[in-house]
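Asks: Would you mind keeping the following structure in view while I ask a few things?
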Amino acid sequence: MNRDHPEVPPGTELRRRARAEALPFLSALALPDPADAVRAWTKQVTTAQSAAQVHVLLDAQTGSEASTLLALRDLLRAAAAWCRDRGQPALAERYLRTSDLLDITDRQLYQLGVDHLSAFHTRAPQVRSDRKGPTTESH
């Protein structure tokens with residue numbers, strides 16, 4: 035029960051009704067499962083042979099403007115605009131604050147990626163200036 039609005043059903047019931055009401059709308063859109071791509075990339079993490087490979091798989095989903103994480107942030111921002119345009123500024127603000135958390139997560143994941151690569155980093159062989167081949171000498 036919603037304490038502020040006792041006539042409104044509980045959250046689980048509201049969500050069930052929303053799914054039922056929106057089913058024809060979603061079916062007409064013919065959208066793919068939103069998590070399928072992430073699941074496919076996740077499965078590839080187990081096949082990775084190096085820290086760089088794991089990093090690139092994660093970075094593709096979280097570390098670029100085209101990432102899944104930032105696409106979700108943009109979805110929340112679109113929901114905020116929708117609410118604001120329909121006279122619900124408080125809900126819009128909540129969506130925006132939640133989208134800000136994804137920006138924070140994006141920055142944390144960036145640093146985690148750097149830390150991941152640093153933890154597994156091995157120094158690349160140095161190339162000698164006489165071009166006789168690589169050496170492990172340090173300068």
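For reference, each letter of the sequence shown is one residue, going 35 to 173 in the numbering used here. Even glycine gets a Cβ: it sits at the ideal position worked out from N, Cα and C. Quick caveat, the model's predicted, so the values are computed rather than measured.
1) Between Thr102 and Leu143, is the Cβ-Cβ spacing less than 8 Å?
2) Determine whether the beta carbon atoms of Leu92 and Gly147 lie at a separation below 8 Å.
3) Decide if the stretch 130 to 138 is in contact with the stretch 62 to 82; the criterion is three or more beta carbon pairs, one per stretch, under 8 Å apart.
4) Starting from Gly179, trace the alpha helix (DSSP H) both ways and give me its first and last residue.
5) Counting only the same chain and skipping the five closest in sequence on each side, list residues whose C-beta sits under 7 Å from that of Leu106.
6) Rounded to the nearest angstrom, what separates Glu171 and Val90 at their Cα positions?
7) Out of Gly121, Ala114, Arg120, Ile138, which has the shortest C-alpha to C-alpha gap to Glu127?
8) Would His150 pass as a contact of Ala85 if the rule is Cβ separation under 8 Å?
9) Roughly how many angstroms separate the alpha carbons of Arg125 and Glu47, rounded to a whole number?
10) Would the beta-carbon of Leu104 fall within 8 Å of that of Tyr129?
11) Just how far apart, CA to CA, sit Pro43 and Asp108?
Replies: Taking the coordinates as given:
1) Numbered from 1 along the sequence shown, position 68 holds the residue referred to as residue 102. Numbered from 1 along the sequence shown, position 109 holds the residue referred to as residue 143. No, Cβ-Cβ distance for Thr102 and Leu143 is not below 8 Å.
2) Counting from 1 along the sequence shown, the entry for residue 92 is found at position 58. Counting from 1 along the sequence shown, the entry for residue 147 is found at position 113. Contact flag set, yes.
3) No, the stretch 130 to 138 does not touch the stretch 62 to 82.
4) This structure does not reach residue 179, given that the chain is present from 35 up to 173, and the question cannot be answered.
5) By one-based count along the sequence shown, residue 106 stands at place 72. These residues qualify, in order along the chain: Leu136.
6) For the purposes of this step, residue 171 is taken as residue 137 along the sequence shown, with counting starting at 1. For the purposes of this step, residue 90 is taken as residue 56 along the sequence shown, with counting starting at 1. Bear in mind that a pLDDT of 49 at Glu171, under 50, signals an unreliable position, so the number given afterwards is only what the model happens to contain. Their Cα atoms are separated by approximately 29 Å.
7) Indexing the sequence shown from 1 puts residue 127 at position 93. Ranking Gly121, Ala114, Arg120, Ile138 by Cα distance to Glu127 puts Ala114 first.
8) Taking the first residue of the sequence shown as position 1, residue 150 is located at position 116. Taking the first residue of the sequence shown as position 1, residue 85 is located at position 51. Cβ atoms of His150 and Ala85: closer than 8 Å.
9) The residue labelled residue 125 in the question sits at position 91 within the sequence shown. The residue labelled residue 47 in the question sits at position 13 within the sequence shown. Strictly speaking, residue 125 in this sequence is Leu, with Arg absent from that position. If you take the alpha carbons of Leu125 and Glu47, they lie about 20 Å apart.
10) Stepping through the sequence shown from its first residue, residue 104 is reached at position 70. Stepping through the sequence shown from its first residue, residue 129 is reached at position 95. Contact annotation: Leu104 and Tyr129 have beta-carbon atoms that are not nearer than 8 Å.
11) Locating residue 43 in the sequence shown gives position 9, where the first residue counts as 1. Locating residue 108 in the sequence shown gives position 74, where the first residue counts as 1. Each residue's Cα considered, the two are about 29 Å apart.
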